[in-house]
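Going by our numbering, the first residue of the sequence shown is number 15, and it counts up by one from there. Virtual Cβ for every residue (Gly too), placed ideally from N, Cα, C. This report concerns only the one structure given below.
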Amino acid sequence: MTSTHAHSQREAATTPIVLGERPLTIEEVVRVARHRAPVTIAESSREKMLRAREAVDRLAAADTPAYGVSTGFGALADRKIDVSARTRLQASLVRSHAAGTGAEVEEEAVRGPLSSPATRSRARPG
């Protein structure tokens, strides 16, 4: 391996990939998955996420029921959830969808797909 090639590999591994500005290229997903490139979220996407969080907070504070925010899920959709139990409800929802069997998955098989949904989310600028 030439020193120029080694330098460009090190640079590729340390230059952050910015999520949310545009869709990632295949090469960028590979850098995240296989070369552990650092990942950051675009400021415009952070602002949109903050606005979305504020919207959910408003729903949670409102008297009008909001599915999955101030009510249960599925068959319990008409059941109002007390404010003190809502954080626990959300954590329980995540845990109820968790599953795992067999050996652990390789890190690159997790890092790559994790970078992909963020680029397709509604948190993109524009």
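Classify Ala-137 as helix, strand or coil using the three-state DSSP reduction.
-> As a working mapping, residue 137 is identified with position 123 in the sequence shown. With a pLDDT of 48 at Ala-137, under the threshold of 50, the modelled position of that residue is not reliable, and the figure given next carries that caveat. Ala-137 sits in coil when the DSSP states are folded into three classes, being neither helix nor strand.
Beta-bridge pairing of Ile-40 - partner residues as DSSP gives them = Taking the first residue of the sequence shown as position 1, residue 40 is located at position 26. Ile-40 is bridged by DSSP to nothing; it lacks a bridge partner.
Through-space distance from Leu-73 to Pro-79, alpha-carbon basis = Position 65 of the sequence shown holds residue 79. Position 59 of the sequence shown holds residue 73. Each residue's Cα considered, the two are about 8 Å apart.
Counting along the chain, where does the alpha helix (DSSP H) carrying Thr-101 start and finish?
-> For this step, residue 101 is matched to residue 87 along the sequence shown. Counting along the chain, the alpha helix (DSSP H) containing Thr-101 begins and ends at 100–110.
Limits of the unbroken beta strand (DSSP E) element including Val-97 = Reading the sequence shown from its first residue, position 83 is the one you call residue 97. That residue, Val-97, is in no beta strand (DSSP E); it is neither H nor E in DSSP.
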